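**Q** Chains as they are written, first to last, in the numbering used here: chain A, 57 to 550; chain B, -19 to 477.
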Amino acid sequence: MTVTYEEALQKYEPVFGLETHVELGTTTKMFCGCPTTFGAEPNSHVCPVCLGLPGSLPVTNRVAIEYTIKIGLALNCSIASWCRFARKNYFYPDMPKNFQISQYDEPLCVDGYLDVLVGGRTVRVGIERVHLEEDTGKSLHVGGATGRIQGADYSLVDYNRAGIPLVEIVTRPVPGTGFLAPEVARAYVTELRDLLRSLGVSDVRMEEGSLRADVNTSLSPRGSDVLGTRTETKNVNSLRSVERAVRSEVSRQAEVLDSGGRVIQETRHFHEESGVTTSGRSKEEAQDYRYFPEPDLVPVAPPRDWVDSIAASLPELPSARRARLMSAWSLSELEFEALRNAGALDAVEATVAAGASPADARKWWLGELARRANDMGIEVSALPITPADVARISELVAAGSLNDRLARQVIEGVLDGEGKPDEVVAARGLAVVSDDSALLSAIDEAIAANPDVVARIRDGKVQAAGVLVGAVMRATRGQADAARVRDLIMERLS
Amino acid sequence: MDELITMTAAELSAAMAAGDVSAADVTEAHLDRIAAVDDRVKAFLHVAADDARARAREVDARRKAGEPLGPLAGVPVAVKDLFTTIGMPTTCGSKILGDWHPPYESTITQRLRNAGAILIGKTNMDEFAMGSSTENSGFGPSHNPWDLAKVPGGSSGGSAAAVAAHMAPLALGTDTGGSIRQPAAVCGIVGTKPTYGGSSRYGVVAFASSLDTPGPLGRTVLDTALLHEVMSGHDPMDSTSINAPVPPVVEAARHGDVAGLRIGVVTEFAGDGYQPGVMARFTEAVELLESLGAKVTEISCPHFKYALPAYYLIAPSEASSNLARFDGMRYGLRTGSGSAEEGMAATRAAGFGAEVKRRIMLGTYALSSGYYDAYYGKAQQVRTLIIQDFDAAFGQVDVLVSPATPTTAFPIGERADDPMAMYLADLCTIPTDLAGNAAISVPCGLADEDGLPAGLQVMAPPLADDRLYRVAAAVEAAFNERWGHPLLADAKGLSAR
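Next up, the structure:
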């Protein structure tokens, strides 16, 4: 018996939560001076401290604390005036000390929220805590069927990642989003990613693992507010996977419950190719991490005035920007979402700043340019055309020197590397025919060829003029200003 | 040459500065002494003879070139084998580290090297500093130079024995529950546990991070202060290091004086388990202090009786986590085959000794979910009460005194199978470790029963380490005058002049 997502939603209310790990973009690691750059030769960015050699001691990276406070403030959290690191004890070969320095019952930031926009509706996602910890090394398991440690012939460990500062952002359970739960989960991670990017604290690349999301999902029977048993899905490596992981877990759990079974509290593994989750280790046989305050570090006690100065230096956050742009450009929430989802916000804003009207800027970036980017398989922001180019094209159209069809050709020329818009116009000879005498002969031909249309226009059916305009545009191979053509036709027939 | 090994560090330093003797001669004399007696004392796990000679020649060359040199230049120092040292193995007395050669140097040994001190070798210790006799060493026990059938104390027993047997004038140790003061006391020498955070732990292999305190051992109060001063001071590599000036310990050691000083005798440290001969020497020492003008009162520290149980929850808890890294994956012993997990388990089973395993299990249990509050949490509360006891006491007196150990050195093997009896050796020293303040043990005579040395412990508030030396120097001077010679001159056999 397979339960579809739609069937599951009829009987159950999904509740999800997210634990997101973000690698901070500090220059050096959390507790030592090693560089954090990605992609270096394995085990080249290591020292006695991040290798956990006997006798070595950690020293807290002040910038990592600052970045975490930034994140906490941006997520509307309270910042602890005093907190400690804790040791999380467990044995694993990629953990140099066989404990991870993390935070346990005294996180640096607590009790915040992030508003996300889905389908024109704002959902407030509660943030339980934001804490700081060190990343582990990275294992490569060689041989075996699964690429996991079980059954591998041998494993290699790279400690370059060990000790990179990692922020964990934990949401409260998010109930009441119903059918939209998977999309809200995705929108939350998207919004969070944009927020982190605007703060400049991380390069937030899911594909490089600098942003990693674990998705908790549970089901409550409709009409009940008792939370069901949750599962934690790991290996969710893209925004799309966040959505798919929730969807897949909702269906799977509904199927378990419908067949009289019991959802087991466990870690599950998401499979990108199949879009399903499989069982990992059960939480019921989970290890005891034996947390205790890290005795090698002094407590973190950020002074109030430091926190205040960090708050004062925060850049404009995505939510404030959204409010500002929606108002300035008179956009609905859906229109704004379309712009954000297309990844075109920065481009449109820059294009407007370069002189285009918001409507024109949106039209080009969401229309022709989005289509081109899609054809090329790249983000719109990666297109080889600048906002200033788009503003110039828009200006030429507004001035009547180009029409939309010609403008598209100019865009094509710029994207093909033929130069700036004005150079493309000149090189391709794309200027609108603005010589009225040249147009008038074409108009006269069109009038002569369409006496019935002329009669209808004279009867007051002015919209019929479109037929004549079309004929003139064809005759001039599109290089005429359609508005001017219409005006001249109406003059001729008046 | 025989004379060189009985000279104090201060005397050696002066003789070298005057050009009467070279660092090479001083080093050679101590290497000869090691060669002559260490097969019986077994204080050293590694003797860095070639390196020591080379460093000594360097010091001599620098002196010849007219470079200004500090008081430890050319002075041999024995190093407890848990300070990481480049060019020498670091074993922590454990087979699990085998002959691990650290790729980095501890802050303190680096400071000693910079000061021109000659690191002459690495000394034996209870495995990972867990013990009070060196019997828990993975490489066999060291012997007390006063009586080779007795333990030299521990865990810094190798360092204390090396100094008492004149194989080095000075040694580095670490004190977690008494591991400097207890061996110093039973070997008849001076040993200081500085204020926690006063000496860097960077490169000191951890036993219990919140307690471990590196400190000096020497035959005289002044020598001990000289080493204390050079090894101390803020270290940015250790977050728990105190950023404050080093207390003026050398100055204090040169001017022993207790006139008008308020001294409190801790009443809790007496009674069952205290050897009469040790108590007699302690009482004499208190009377001596009074005769020198100190105002002596009795002070009760009611929570000190809970110090030992609290210590045996906190120290093993931290140790269980600190020692998790010894898993055969990256350095040291690796044994077993099959999966990573099996390899880790086999390595730890083979590499750790019984006492280390016992404490890892104690600590793992004390930290486990559902027991944390009752054990680790409760022990931390006791720790706060002990700090409050000290605070209240130091509101009334300038220093506290007690016997350093309840008994003199016990026979090798006597307590090896009785952990509780072994733990009692640290009864008087543990409160200071839990509170993080400073304390010293200075010789106060020989117990009548066995003719073995007893130590007077002096305890001072945090960062008042200089007070220890002021009192200890006064005690040392008065006793030397009374005895007509330093205590060690009474030693039978190896430690005699």
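Backbone N, C-alpha and C define an ideal beta-carbon position, used for all residues, glycine too.
Predicted, not measured: the structure shown is a model, and the values here were computed from it.
Should the segment 182 to 200 of chain B be regarded as contacting the segment 60 to 71 of chain B, the criterion being three or more beta carbon pairs within less than 8 Å?
**A** Yes, the segment 182 to 200 of chain B touches the segment 60 to 71 of chain B.
**Q** Over the uninterrupted beta strand (DSSP E) stretch that includes T277(B), give me the two end residues.
**A** By 1-based counting over the second sequence, the position of residue 277(B) is 297. Segment 275 to 279, the beta strand (DSSP E) holding T277(B).
**Q** Return yes when the Cβ of E298(B) is within less than 8 Å of the Cβ of S190(B), no when it is not.
**A** The count along the second sequence starts at 1 and reaches residue 190(B) at position 210. The count along the second sequence starts at 1 and reaches residue 298(B) at position 318. Against a cut-off of 8 Å, the Cβ pair of E298(B) and S190(B) comes out as a contact.
**Q** If you run the structure through DSSP and keep just helix, strand and coil, what is Y68(A)?
**A** Translated into the one-based positions of the first sequence, residue 68(A) becomes position 12. Three-state result, Y68(A): strand.
**Q** Do L202(B) and V238(B) have their C-beta atoms within less than 8 Å of each other?
**A** The sequence position of residue 202(B) within the second sequence is 222, counting from 1. The sequence position of residue 238(B) within the second sequence is 258, counting from 1. The answer is no: Cβ separation not under 8 Å.
**Q** Taking Cβ-Cβ distances shorter than 9 Å, what residues in chain B pair up with L353(A)?
**A** Looking up residue 353(A) in the first sequence gives position 297. Per Cβ cutoff of 9 Å: S219, T220.
**Q** What residues in its chain sit with their C-beta under 8 Å from that of K290(A), if we drop five residues either side in the sequence?
**A** The residue given as residue 290(A) occupies position 234 in the first sequence. Counting only Cβ-Cβ distances below 8 Å, and skipping sequence neighbours, we find D270, T323, R324, H325, F326, G336.
**Q** When you compare only the Cα positions, how much space is there between A476(B) and P423(B)?
**A** Indexing the second sequence from 1 puts residue 476(B) at position 496. Indexing the second sequence from 1 puts residue 423(B) at position 443. Residue confidence for A476(B) is low, a pLDDT of 46 falling below 50, so the modelled location carries little weight; the figure read from the coordinates is stated next. Looking at the two C-alpha atoms, the distance is approximately 16 Å.
**Q** Determine, using beta carbons only, whether K85(A) comes closer than 8 Å to chain B.
**A** Taking the first residue of the first sequence as 1, we reach residue 85(A) at position 29. No, K85(A) does not count as interfacial toward chain B.
**Q** What are the partner residues of M439(B), as DSSP defines its beta bridges?
**A** Locating residue 439(B) in the second sequence gives position 459, where the first residue counts as 1. M439(B) is bridged to L380(B), A419(B).
**Q** Is D361(A) helix, strand or coil by DSSP?
**A** Sequence index remark: in the first sequence, residue 361(A) carries index 305 (1-based). Three-state DSSP puts D361(A) in a helix.
**Q** List, in order along the chain, the chain A residues whose C-beta lies closer than 9 Å to that of P82(B)?
**A** Here residue 82(B) refers to the residue found at position 102 of the second sequence. Result: P104, L109, P110, G111.
**Q** Please report whether the beta-carbon of P163(A) lies at a distance below 8 Å from any beta-carbon of chain B.
**A** Position 107 of the first sequence, counted from the start, is the residue given in the question as residue 163(A). No, because no Cβ of chain B sits closer than 8 Å to the Cβ of P163(A).
**Q** Can you check which of these residues, M68(B), K337(B), W126(B), is closest to F108(B) by C-alpha distance?
**A** Numbered from its first residue, the second sequence carries residue 108(B) at position 128. Here the closest residue by C-alpha is K337(B).
**Q** For R395(B), name the three-state secondary structure that DSSP assigns.
**A** If you number the second sequence from 1, residue 395(B) lands on position 415. Coil, per DSSP.
**Q** Relative to the C-alpha of V223(A), which candidate in R418(A), R242(A), R268(A), A455(A) has its C-alpha closest?
**A** Position 167 of the first sequence, counting from 1, holds the residue named residue 223(A). V223(A) has its Cα closest to that of R268(A), out of R418(A), R242(A), R268(A), A455(A).
**Q** Determine the contact status of C165(A) and G203(A), defining contact as a CB-CB distance below 8 Å.
**A** The residue you call residue 165(A) lines up with position 109 of the first sequence. The residue you call residue 203(A) lines up with position 147 of the first sequence. Their beta carbons are not under 8 Å apart, which means C165(A) does not touch G203(A) by this criterion.
**Q** Taking a cut of 8 Å between CB atoms, which residues from the segment 200 to 213 of chain A lie near chain B?
**A** I205, S211, V213
**Q** Going along chain B, which residues have a C-beta under 7 Å from F147(A)?
**A** Translated into positions along the first sequence, residue 147(A) becomes position 91. Chain B residues near F147(A): A304, D307, M324.
**Q** If you run the structure through DSSP and keep just helix, strand and coil, what is N397(A)?
**A** Within the first sequence, residue 397(A) is the residue found at index 341, counting from 1. Helix, per DSSP.
**Q** Nearest-angstrom Cα distance between A237(A) and G176(A)?
**A** As a first step, residue 237(A) must be located in the first sequence, where it is residue number 181. As a first step, residue 176(A) must be located in the first sequence, where it is residue number 120. Rounded to whole angstroms, A237(A) to G176(A) spans 14 Å at the Cα level.
**Q** Answer yes or no: does any C-beta atom of chain B fall closer than 8 Å to that of F114(A)?
**A** Mapped onto the first sequence, residue 114(A) falls at position 58. For the record, residue 114(A) in the displayed sequence is Pro; it is not Phe. True, the Cβ-Cβ gap to chain B drops below 8 Å.
**Q** Looking at the strands, I want to know which residues DSSP matches up with V223(A).
**A** Working through the first sequence from its first residue, we reach residue 223(A) at position 167. According to DSSP, which records beta bridges pairwise, V223(A) is partnered with V78(A), L188(A).
**Q** Can you tell me where the beta strand (DSSP E) with I98(B) in it begins and where it stops?
**A** In the second sequence, counting from the first residue as 1, residue 98(B) sits at position 118. Residues 98 to 103.
**Q** With 16 other CB atoms within 10 Å as the buried threshold, where does P216(B) fall?
**A** The sequence position of residue 216(B) within the second sequence is 236, counting from 1. Under this definition P216(B) is an exposed residue.
**Q** Classify F459(B) as helix, strand or coil using the three-state DSSP reduction.
**A** Within the second sequence, numbered from 1, the residue matching residue 459(B) stands at position 479. It is helical.
**Q** Comparing C-alpha positions only, which one of Y169(A), L458(A), F147(A), S112(A) sits nearest to E247(A)?
**A** Your numbering for residue 247(A) matches position 191 in the first sequence. The option with the nearest alpha carbon to E247(A) is Y169(A).
**Q** With a threshold of 16 other CB atoms inside 10 Å of the CB of H101(A), please say whether the residue is buried or exposed.
**A** Walking along the first sequence from the start, residue 101(A) turns up at place 45. With 16 or more Cβ atoms within 10 Å of its Cβ, H101(A) is classed as buried.
**Q** Are the beta-carbon atoms belonging to F187(B) and V246(B) less than 8 Å from one another?
**A** Locating residue 187(B) in the second sequence gives position 207, counting from the first residue. Locating residue 246(B) in the second sequence gives position 266, counting from the first residue. Taking 8 Å as the Cβ cut-off, F187(B) and V246(B) do not qualify as a contacting pair.
**Q** Quick check: what's the CA-CA separation for G316(B) versus D397(B)?
**A** Reading the second sequence from its first residue, position 336 is the one you call residue 316(B). Reading the second sequence from its first residue, position 417 is the one you call residue 397(B). Going from the Cα of G316(B) to the Cα of D397(B) covers about 28 Å.
**Q** Between K126(A) and L373(A), how many whole angstroms is the CB-CB distance? I'm expecting something under 8 Å.
**A** Numbered from 1 along the first sequence, position 70 holds the residue referred to as residue 126(A). Numbered from 1 along the first sequence, position 317 holds the residue referred to as residue 373(A). Wrong, their Cβ atoms sit about 10 Å apart, outside the cutoff.
**Q** Can you find at least 3 beta carbon pairs, one from the segment 261 to 271 of chain B and one from the segment 115 to 126 of chain A, that sit closer than 8 Å?
**A** no
**Q** Tell me, to the nearest whole angstrom, how far the beta carbon of A58(B) is from that of A148(B); I am working on the premise that it is less than 8 Å.
**A** Against the second sequence, residue 58(B) aligns to sequence position 78. Against the second sequence, residue 148(B) aligns to sequence position 168. Their Cβ separation, rounded to whole angstroms, is 4 Å, which keeps A58(B) and A148(B) in contact under 8 Å.
**Q** Report all residues from its chain with a CB closer than 8 Å to the CB of G67(B); omit the five preceding and five following residues, and keep chain order.
**A** Stepping through the second sequence from its first residue, residue 67(B) is reached at position 87. If we look at G67(B) and ignore the five residues flanking it on each side, its Cβ neighbours are A28, D31, H81.
**Q** Hey, could you find the ends of the beta strand (DSSP E) Y210(A) is sitting in?
**A** Translated into positions along the first sequence, residue 210(A) becomes position 154. That run of the beta strand (DSSP E) goes 210 to 214.
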